[in-house]
Each structure stands twice: as structure tokens, then as C-alpha cells.
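J.: Input: one structure, supplied below.
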Amino acid sequence: MSSLPSASRRKFLAMAALAAIPAALVNQRALAADAELPHVSPDDPTAKALNYVADASKLDAKTAPTFKAGSTCASCVLFQGKPGSAFGPCGVFPGKSVSARGWCASYTKAG
Ligand code: SF4
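Position one of the sequence shown corresponds to residue 1164 (the numbering used here), numbered consecutively onward.
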């Protein structure tokens, strides 16, 4: 058996590893950027207007009649956080992050 296939395989793996580095860096930067976004404050005018809360389990149903139990930002189509992340960007609050356990009146179930 020639050593060429093995050398070619090593070269291919090395090239694949090098090609993966930029994607990994972009992903790390995106995660870091998401983590660095300031959290939406309950005092934010948009947050107040939409009854945003960082913890949907503490939501007063009287103030949010459209809330359905189990609805959280993590299952909202507008949540842009990574699966499993505690916070993430939301299309309603540009430049800020919302809690995955949060909720607001713009909630739209994903899927
Ligand atoms: S639009 Fe969706 S993700 Fe954004 S704050 Fe409201 S419920 Fe959460």
C-alpha cells in the first residue's frame, strides 16, 4: 500500500481543519456579541408597552390576557438566541437581548 493516500488524507484533514477556523471564529464572535448585548430593562418604553417580563412564570395574567402558560421567548419566532442560551436578541428589541424565559405581548409561537 502506498503512503500517498494517507498523505492525501492528512492534507485533506488539515485543509478541512483550516477551513473550519473562520466559521468557528465567526460563531464565537456571534455568541460573544449576543452575550454582550444589554438585557432589556423592564423600564424600557417598548418593554412596558408590550408587557415584557424577564420571567414569564411570574407574569400576572390580569395584565397580560393573551399570555398562554408555557409561552416563553425561547419558543417565540422572534427570538434569535442560540438553543439553550439564557438570553438572546429579539427582533422587537434591536441591540438588546431578552431572557429565554421571558415573554411579551408580541409572542408568536415558532414552528
Ligand atoms: S417578541 Fe418574542 S422573543 Fe421578543 S420579547 Fe416578545 S416573546 Fe420574547
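For every residue, glycine included, the Cβ atom is placed at its ideal position computed from N, Cα and C.
Let me check you understand the geometry: is the CB of residue 1242 closer than 6 Å to at least one non-hydrogen atom of the ligand SF4?
T.: It does: the Cβ of residue 1242 is within 6 Å (strictly closer) of some heavy atom of the ligand SF4.
J.: Verify the contact flag: residue 1269, CB atom, against every heavy atom of the ligand SF4, threshold strictly below 6 Å.
T.: Flag set: Cβ of residue 1269 near the ligand SF4.
J.: Residue ranges of each alpha helix (DSSP H) run of no fewer than 4 residues wholly in the region 1195 to 1262, ordered along the chain?
T.: Segments of the alpha helix (DSSP H) lying fully in the region 1195 to 1262: 1208 to 1212.
J.: Indicate whether residue 1263 and residue 1237 have their beta-carbon atoms separated by less than 7 Å.
T.: Cβ distance < 7 Å, so residue 1263 and residue 1237 count as in contact.
J.: Under 8 Å Cβ to Cβ from residue 1254, same chain only, skipping five residues before and after it: list those, please.
T.: Correct list, in chain order: 1241, 1243.
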